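S.K.: Chains as they are written, first to last, in our numbering: chain R, 22 to 126; chain B, 7 to 123. C-beta: ideal position from N, C-alpha, C; glycine also. None of the values given here were measured: they were computed from a predicted structure. My questions will all concern the structure given below.
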Amino acid sequence: GEDVEQSLFLSVREGDSSVINCTYTDSSSTYLYWYKQEPGAGLQLLTYIFSNMDMKQDQRLTVLLNKKDKHLSLRIADTQTGDSAIYFCAETMRFGAGTRLTVKP
Amino acid sequence: GAVVSQHPSWVICKSGTSVKIECRSLDFQATTMFWYRQFPKQSLMLMATSNEGSKATYEQGVEKDKFLINHASLTLSTLTVTSAHPEDSSFYICSARYSGGSNQPQHFGDGTRLSIL
Numbered sequence: 022g023e024d025v026e027q028s029l030f031l032s033v034r035e036g037d038s039s040v041i042n043c044t045y046t047d048s049s050s051t052y053l054y055w056y057k058q059e060p061g062a063g064l065q066l067l068t069y070i071f072s073n074m075d076m077k078q079d080q081r082l083t084v085l086l087n088k089k090d091k092h093l094s095l096r097i098a099d100t101q102t103g104d105s106a107i108y109f110c111a112e113t114m115r116f117g118a119g120t121r122l123t124v125k126p
Numbered sequence: 007g008a009v010v011s012q013h014p015s016w017v018i019c020k021s022g023t024s025v026k027i028e029c030r031s032l033d034f035q036a037t038t039m040f041w042y043r044q045f046p047k048q049s050l051m052l053m054a055t056s057n058e059g060s061k062a063t064y065e066q067g068v069e070k071d072k073f074l075i076n077h078a079s080l081t082l083s084t085l086t087v088t089s090a091h092p093e094d095s096s097f098y099i100c101s102a103r104y105s106g107g108s109n110q111p112q113h114f115g116d117g118t119r120l121s122i123l
């Protein structure tokens with residue numbers, strides 16, 4: 022199986038919160054990352070968290086890290102239609118398959 | 007900051023043509039750059055790691071003679087798809103990492119869509 026796993030699809034209504042979950046296997050990763058990819062574009066680094074932290078907040082984004090369970094999540098508050106994209110969870114060199122977030126008006 | 011420029015963004019060419027894609031870090035030095043390939047609705051597949059001043063390291067199954075990589079400076083890496091065929095059609099994305107170490111995040115270019123007729 023893949024080293025980084027995440028669900029493939031998530032659909033929410035505009036204004037709701039979105040939570041994208043990820044599990045990873047390499048406990049030696051110093052940082053864990055979230056990237057956003059819009060159609061036909063490259064990846065945009067959204068945020069990253071140092072492995073000795075359990076939470077990081079950046080405006081509408083909240084990252085939670087459970088190092089014991091190797092579980093990472095990205096919460097987007099007040100989700101907007103512009104947030105529709107594919108979100109990739111990543112260790113240093115390994116990427117998940119991406120979660121396609123669809124935001125309905 | 008941390009802008010990575012990739013050029014061209016889209017190229018269509020005939021089978022048998024060689025195509026060069028450039029990846030530049032505009033405002034930082036990148037000892038290491040990475041080349042990925044992405045098929046529709048799939049994740050990124052790492053093709054090779056490009057190190058400035060040395061030979062690239064290719065992932066298993068990637069033909070080094072088919073995908074030539076040159077990383078001649080701290081701000082530029084190129085990928086040349088030699089004698090491209092329709093099966094090489096894909097979205098190619100590069101990324102660059104600060105020279106500060108392997109734990110630095112990667113910053114991605116906008117990708118190159120390659121279509122071989």
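1. Kindly indicate if chain R contains any beta-carbon less than 8 Å away from that of residue 50(B).
2. Residue ranges of each beta strand (DSSP E) run of no fewer than 3 residues wholly in the stretch 76-119 of chain B, ordered along the chain?
3. With a threshold of 8 Å between beta carbons, is residue 77(B) in contact with chain R?
4. Between 25(R), 40(R) and 89(R), which lies nearest to residue 105(R) when the distance is taken from Cα to Cα?
5. Spatial neighbours of residue 116(B) within its chain, please: CB distance less than 7 Å, with the 5 preceding and 5 following residues excluded, ordered by chain position.
6. State the DSSP-derived secondary structure class of residue 120(R), mapped to helix, strand or coil.
7. Measuring CA to CA, which of 93(R), 118(R) and 121(R) is closest to residue 50(R)?
8. Mark residue 85(B) as exposed unless 16 or more other C-beta atoms lie within 10 angstroms of its C-beta, in which case mark it buried.
9. In the DSSP assignment, the beta strand (DSSP E) including residue 52(R) goes from what residue to what residue?
10. Quick one: is residue 59(B) near chain R, going by C-beta distance under 8 Å?
11. Checking contacts by CB at 8 Å: is residue 12(B) closer than that to chain R?
12. Going by beta carbon distance, what residues of the same chain come within less than 6 Å of residue 41(B), once the five residues before and after it are set aside?
13. Answer with yes or no whether the minimum CB distance from residue 38(R) to chain B is below 8 Å.
14. Tell me which residue opens and which closes the beta strand (DSSP E) that residue 55(B) is part of.
M.R.: Let's see:
1. yes
2. 82-87, 96-103 and 112-114
3. no
4. 40(R)
5. 12 and 15
6. strand
7. 93(R)
8. buried
9. 52-58
10. no
11. yes
12. 53, 54, 85 and 100
13. no
14. 50-57
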